[in-house]
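Undergrad:
Numbering (the numbering used here), first residue to last: 712 to 922.
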């Protein structure tokens, strides 16, 4: 009599069953893992209403080019700092535009609203300018840890009268605005409020510029 045996012994079949069950558990675990975070992009909120410049607009056209910003300060990723010697970028959270361009547009809007000059334009308008306002963004980061949770901003702003190449204003403005929450959205709102305080200080200084 010839006996034909199956290809797998009982022991082998039991091992295969256990291996299949383990693979099934791994597959279910993979299906139930947390979803990949989605990218989120942020814009600055509309600045607070700016009071009209005391004494009326400064006569002439003021041109505002994009701000200067060196290195990672001008990258779209939002920066944060947990200690003085280390800067990092938030994953999945970024500005909708590079900060240098975003602040140029914000500054133009504020100075127009405040009627600080007869006209406020970007270089794209190609108008003959009477004044040039330049900003140098030196600090633009969320400072947290060690009891801190603030949007730290530092901008050097210079205003030059083109005729005669006369510097009429040169000042560094600083704001450390507390964030009303621990998340990135709260930090972004703090950046807007910090800029509002800088704009208010700038407009007060421009009140001393003669027409």
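Built from N, CA and C at the ideal position, the CB exists for glycine as well.
Note that the structure is a prediction, hence the values are computed from the model and not measured.
Using alpha carbons as the reference points, say which of 786, 773 and 816 lies closest to residue 756.
TA: If you number the chain shown from 1, residue 756 lands on position 45. Of 786, 773 and 816, the residue nearest in Cα terms is 816.
Undergrad: Compute the Euclidean distance between the alpha carbons of residue 878 and residue 814, then round it to the nearest angstrom.
TA: Along the chain shown, one-based indexing puts residue 878 at 167. Along the chain shown, one-based indexing puts residue 814 at 103. Cα-Cα distance, rounded: 21 Å.
Undergrad: Quick one: residues in its chain with C-beta nearer than 6 Å to the C-beta of residue 776, no 5 flanking neighbours on either side, listed in chain order?
TA: The count along the chain shown starts at 1 and reaches residue 776 at position 65. 834, listed in sequence order.
Undergrad: Might you give, ordered along the chain, the residues of its own chain that have their beta carbon closer than 6 Å to the beta carbon of residue 750, omitting 5 neighbours on each side?
TA: To locate residue 750, count along the chain shown from 1; it is residue 39. These residues qualify, in order along the chain: 803.
Undergrad: Measure the alpha-carbon distance for residue 905 versus residue 748 and round it to whole angstroms.
TA: Numbered from 1 along the chain shown, position 194 holds the residue referred to as residue 905. Numbered from 1 along the chain shown, position 37 holds the residue referred to as residue 748. Answer to the nearest angstrom: the Cα atoms are 28 Å apart.
Undergrad: Around the Cβ of residue 789, are there at least 16 other Cβ atoms within 10 angstroms (buried) or fewer (exposed)?
TA: In the chain shown, residue 789 corresponds to position 78, counting from 1. That one is buried.
Undergrad: Can you name the start and end residues of the beta strand (DSSP E) that residue 898 belongs to?
TA: Start at 1 with the first residue of the chain shown, and residue 898 comes out as number 187. Careful: residue 898 lies outside any beta strand (DSSP E), inside the alpha helix (DSSP H) at 895 to 917.
Undergrad: Looking at the secondary structure, which residues open and close the alpha helix (DSSP H) in which residue 823 lies?
TA: Along the chain shown, read from residue 1 onward, the residue named residue 823 stands at position 112. Run containing residue 823: 810 to 824, per the alpha helix (DSSP H) assignment.
Undergrad: Exposed or buried, residue 876, counting other C-beta atoms within 10 Å across all chains shown (16 or more means buried)?
TA: As a working mapping, residue 876 is identified with position 165 in the chain shown. Label assigned to residue 876: exposed.
Undergrad: Leaving out five residues on either side along the sequence, give the residues of the same chain with a beta carbon under 6 Å from the beta carbon of residue 871.
TA: Position 160 of the chain shown, counted from the first residue, corresponds to residue 871. Hits under 6 Å: 843 and 878.
Undergrad: In this structure, does DSSP put residue 834 in helix, strand or coil?
TA: Reading the chain shown from its first residue, position 123 is the one you call residue 834. If DSSP states are grouped into helix, strand and coil, residue 834 belongs with the helices.
Undergrad: How about residue 890 and residue 920: are their beta carbons less than 8 Å apart?
TA: The residue you call residue 890 lines up with position 179 of the chain shown. The residue you call residue 920 lines up with position 209 of the chain shown. The answer is no: Cβ separation not under 8 Å.
Undergrad: Whole-angstrom Cβ separation of residue 866 and residue 846, contact assumed at under 8 Å?
TA: One-based indexing of the chain shown puts residue 866 at position 155. One-based indexing of the chain shown puts residue 846 at position 135. Between residue 846 and residue 866 the Cβ distance is about 5 Å, and since that is below 8 Å, they are a contact.
Undergrad: Which of the three DSSP states, helix, strand or coil, is assigned to residue 673?
TA: What is shown of the chain runs 712 to 922, which leaves residue 673 out entirely.
Undergrad: Starting from residue 860, trace the beta strand (DSSP E) in both directions and tell me its first and last residue.
TA: Indexing the chain shown from 1 puts residue 860 at position 149. Start and end: 859 to 872.
Undergrad: Closest to residue 779 by CA distance: which of 764, 762, 807 and 869 is it?
TA: Position 68 of the chain shown, counted from the start, is the residue given in the question as residue 779. Minimum Cα distance to residue 779 is reached at 869.
Undergrad: Quick one: what's residue 752 bridged to in DSSP?
TA: Here residue 752 is taken as the residue at index 41 of the chain shown, counted from 1. According to DSSP, which records beta bridges pairwise, residue 752 is partnered with 805.
Undergrad: Is it buried or exposed, residue 839, if we count other Cβ atoms within 10 angstroms and call 16 or more buried?
TA: Within the chain shown, numbered from 1, the residue matching residue 839 stands at position 128. The residue is exposed, with fewer than 16 neighbouring Cβ atoms inside 10 Å.
Undergrad: Would you kindly check if the distance between the Cβ of residue 810 and the Cβ of residue 831 is under 8 Å?
TA: For the purposes of this step, residue 831 is identified with residue 120 of the chain shown, where counting begins at 1. For the purposes of this step, residue 810 is identified with residue 99 of the chain shown, where counting begins at 1. Contact: no.
Undergrad: Tell me whether residue 789 sits in a helix, a strand or coil according to DSSP, three-state version.
TA: Indexing the chain shown from 1 puts residue 789 at position 78. Note: residue 789 maps to strand in three-state DSSP.
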